[in-house]
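2 protein chains.
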Amino acid sequence: MPVGTLGTVKALTPRDVRGTSAQIVLSNSYHLSLQPGIETVHRLGGLHAFMRWDGPILTDSGGFQVFSLDTLREVSDAGVTFVSHLDSAQMVLTPECVIQAQERLGANLIMPLDECLGHAASRAEAERALDRTQRWWRRSLDAHRRIDQALFVLIQGGLFPDLRREAARAAAAEPAPGFAIGGLSVGEPKERTAALLRATLAELPPDRPRYLMGVGHPKDLVDYARLGVDLFDCVLPTRLGRSGSVWSDLEGNRLHLSRRALLDRVDPIMAGCTCTTCSDWSVGSLAALFQSRELLAYRLASIHNLAVLGTLTTELQRTVVYTT
Amino acid sequence: MPVGTLGTVKALTPRDVRGTSAQIVLSNSYHLSLQPGIETVHRLGGLHAFMRWDGPILTDSGGFQVFSLDTLREVSDAGVTFVSHLDSAQMVLTPECVIQAQERLGANLIMPLDECLGHAASRAEAERALDRTQRWWRRSLDAHRRIDQALFVLIQGGLFPDLRREAARAAAAEPAPGFAIGGLSVGEPKERTAALLRATLAELPPDRPRYLMGVGHPKDLVDYARLGVDLFDCVLPTRLGRSGSVWSDLEGNRLHLSRRALLDRVDPIMAGCTCTTCSDWSVGSLAALFQSRELLAYRLASIHNLAVLGTLTTELQRTVVYTT
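Laid out in structure tokens, this is it:
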């Protein structure tokens, strides 16, 4: 799922996004609540109309943003009090208001508020956060009204395999149409991520989708899809693209368009890539556009990086058979 | 002609540009010579391949940029010595090297070096600049080798009707496939522009196109096309677009997407406009994107403004009959 933080996958039209084989787009209820505001999106016809995206949309709860952006915050059982990263206004997220905001936005897949931890969290902190996340889940479920929106249950547990297992087991028993796995890939070594993911997935039934939040490197997609993950989201492909980094193969090796030596290359970024960027533009032209700081460069690089993930996921859908 | 200073109409793909009814794109040999460099464009297959534009391209000589950008410069009969606005390197433009650079780029329509003056120039200065422009023209013609490129003769004469008439009469006698009218709309009142343009056009034969350089407001297009101008170029539509100003009618009245009150509007920028921006996006969504500084806003606003000029010029082509 490409990320359209503020209702647009940066620099791209919905048509561009569709051309990369993406099927679902993610947007951020936290960011949208700050600008242009939930009510503005609602007045303009809801998130699908606002984004001009007629496919499925997933919104996250804002939990991750509140915990990861450099905001002053205070967490209590009631919810999270924090200061907007934009204008320093004091704001509150509660499990209930997060659901209400997402119902007002109108995405197809919505997420409950959770308490996120960094990779340095202690076991006691992880236990407390998991407990709070589970209590918030009950309140989210009670607040949820729109049956046309699928509210996933969110699994935390820090970097502790037994907590992960316990959280997954509890989630599996909930009346939720899908599972969101949060708090992984937050700075820990990849072997540890994989082990924690295995512990989590082993407890989940195979009949509902498993969404690993915030993961998006090509290698991670392949490795974790093979473990049983169905959905991914990440700003990586578009953020890299805007910084001039483009994936030159399906393993995620990169070219950097700022390199002067690339100005001579008349071949596309990736041999065999069918994206519109590779169909039309040479590496040399793209490097020249990027080095001239032309806006078009950010767009073309983003399209290619998303298309690399599109190619990978299409191939994974065709070939991966996993057992649980 | 939309302007693609560095080989791209800013934020737009060639397909976007084509969708606005534009037929010719202008690019700047001065800017391209600084970045990515004439030889880089040549190695990448020439300007058409570099821009991915398979229609006609016009390049200007760089004369206007040297005189209008804030560069230190010294003009002599030999040419113009100036300091690059990018890296302060000392550079020289001569009539010959300007033609050679444009032949190397490979545009369809190319321009000779001229001496440009501001609207405060005295009669003596205008006479001297006209004389130099005419002598540079002979040298340009001698240097011109590629018969597949149309080298226009360039008409100066400052803001003096008799000099304009004299310059136009001399240009009419030259073996040139078209006429470029420079040095107008440089800050003088519009009535004066129109009078000088009339004086110029009266001396030109009707069998070759007349190109008024750097003019692009919707009203100007209509007024000057009625006087007999065939070609226009201007950064105005795209520069306005990137700054959030969009034309809301064919007279060139504007909406500014930074206005908070626009967030409520569910109608398109301009009723009846068939551009992709107006077909897909409401004013409210565009204002939200612009106010969130989303790159997509610059692109969508640029597309609309170019489409307004496309609609106007298509209509003018159909209806304007002028007599000489």
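From first to last, the protein sequence lines stand for chains S and A.
Position 166 of the first sequence, counting from 1, maps to 301 under my numbering, and the rest follow consecutively.
Position 253 of the second sequence, counting from 1, maps to 388 under my numbering, and the rest follow consecutively.
All C-beta atoms in this analysis are idealised placements derived from N, C-alpha and C, irrespective of residue type, glycine included.
Burial state of residue i, where buried means 16 or more other Cβ atoms lie within 10 Å
i        : result
S/ASP402 : exposed
S/THR459 : Model confidence at S/THR459 stands at a pLDDT of 48, short of 50, so the residue's coordinates are unreliable; what they give is reported in the following sentence. Per the 10 Å Cβ criterion, exposed.
A/GLU209 : exposed
S/LEU179 : buried
S/THR449 : exposed
A/SER176 : Strictly speaking, residue 176 of chain A in this sequence is Val, with Ser absent from that position. When all chains shown are included, A/VAL176 counts as buried.
S/ILE245 : buried
A/ILE227 : Correcting the residue type first, residue 227 of chain A is Val in the shown sequence and not Ile. Its Cβ having fewer than 16 others within 10 Å, A/VAL227 is exposed.
A/GLN237 : buried
A/ASP283 : exposed
S/SER437 : buried
A/PRO341 : exposed
A/ALA442 : buried
S/ALA396 : exposed
A/PRO230 : buried
A/PRO149 : buried
Residue i versus the options, residue with shortest Cα-Cα distance
i        : options                                : result
S/ASP189 : S/PRO341, S/VAL227, S/GLY241           : S/GLY241
A/GLU326 : A/LEU430, A/LYS354, A/GLN269           : A/LYS354
S/THR194 : S/LEU362, S/PHE287, S/PRO312           : S/PHE287
A/THR412 : S/MET186, S/GLY419, S/GLN200           : S/MET186
S/LEU332 : S/ASP266, S/ARG361, S/ALA311, S/GLU309 : S/ARG361
A/ALA406 : A/LEU385, A/LEU424, A/THR373           : A/LEU385
S/ARG400 : S/LEU435, S/GLN200, S/GLY419           : S/GLY419
S/VAL455 : S/HIS279, S/THR175, S/LEU424, S/ASP358 : S/ASP358
A/ILE234 : A/GLN158, A/ALA255, A/SER203, A/ILE173 : A/ILE173
S/ARG239 : S/LEU182, S/ASN163, S/ILE159, S/GLN426 : S/LEU182
S/LEU276 : S/GLU262, S/ALA311, S/ARG267           : S/ALA311
A/PHE199 : A/LEU319, A/PRO296, A/SER383, A/PRO341 : A/LEU319
A/SER223 : A/LEU161, A/LEU207, A/GLY445, A/THR229 : A/LEU207
A/VAL364 : A/ARG345, A/LEU375, A/TRP382, A/HIS352 : A/ARG345
S/HIS439 : S/PRO191, S/GLY376, S/ALA261, S/GLU309 : S/GLY376
S/LEU147 : A/ARG389, A/GLU262, A/TYR433, A/ALA278 : A/TYR433
S/SER461 : A/LEU161, A/PRO171, A/HIS279, A/ALA184 : Here chain S comprises residues numbered 136 to 459, so residue 461 of chain S is not present and cannot be evaluated.
A/CYS232 : A/ARG395, A/LEU204, A/TRP271           : A/TRP271
S/ARG394 : S/SER414, S/LEU421, S/ASP415           : S/LEU421
S/LEU424 : S/ILE404, S/SER414, S/LEU447, S/LEU398 : S/LEU398
Proximal residues to residue i (C-beta, below 6 Å), its chain only, five neighbours per side dropped
i        : result
S/VAL370 : VAL138
S/LEU460 : Since the first and last residues shown for chain S are 136 and 459, residue 460 of chain S lies out of range.
S/GLY292 : LEU265, LEU298, ARG299, ALA302
S/LYS145 : THR373
A/PHE202 : CYS251
First through last residue of the alpha helix (DSSP H) which encompasses residue i
i        : result
A/GLY419 : 418 to 426
A/TRP188 : Segment: none, A/TRP188 is in no alpha helix (DSSP H) and carries neither H nor E.
A/VAL373 : It should be pointed out that residue 373 of chain A corresponds to Thr in this sequence rather than to Val. Element bounds for A/THR373: 371 to 377.
A/ILE438 : 430 to 454
A/SER219 : Element bounds for A/SER219: n/a, residue is neither H nor E.
A/ILE173 : 173 to 178
S/HIS166 : 164 to 169
A/LEU331 : 325 to 336
Spatial neighbours of residue i in its chain, beta-carbon cut-off 7 Å, leaving aside the 5 residues before and after
i        : result
A/GLN269 : ALA305
A/HIS391 : GLY379, SER380
S/PHE295 : ARG258, ALA261
A/ARG280 : GLU238
A/GLY445 : THR155, SER156, ALA157
Assumed close pair residue i, residue j - CB separation to whole angstroms, cut-off 8 Å
i        : j        : result
S/SER196 : S/ASP151 : About 27 Å; that fails the 8 Å criterion.
S/CYS410 : S/THR155 : 6 Å
A/ALA307 : A/LEU336 : Going by Cβ atoms, the distance from A/ALA307 to A/LEU336 rounds to 11 Å, so no, they are not a contact pair.
S/GLY317 : S/ALA285 : Not really, about 17 Å apart at Cβ, beyond 8 Å.
S/VAL321 : S/GLY253 : 6 Å
A/THR140 : A/ASN163 : 5 Å
A/LEU430 : S/LEU430 : 6 Å
S/VAL218 : S/GLN225 : 6 Å
A/ASP212 : A/ARG267 : 7 Å
A/LEU356 : A/ALA315 : With a Cβ gap of about 17 Å, A/LEU356 and A/ALA315 do not count as contacting.
Run of the beta strand (DSSP E) containing residue i, from where it starts to where it stops
i        : result
S/PHE314 : 314 to 316
S/GLU209 : 208 to 211
Own chain residues within Cβ distance below 8 Å of residue i, not counting five before or after
i        : result
A/GLN452 : none
S/ALA256 : ALA264, GLY293, LEU294
S/ARG161 : Correcting the residue identity first, residue 161 of chain S is Leu in this sequence and not Arg. Here the set comprises MET136, PRO137, VAL138, GLY139, ILE192, LEU193, THR194, ASP195, ASP368.
A/ALA278 : PRO230, GLU231, ILE234, GLN235
Checklist entry - If you measure beta-carbon to beta-carbon, which residues of the region 403 to 430 of chain A are closer than 7 Å to chain C? => result This model lacks chain C altogether; the protein chains it does include are S and A.
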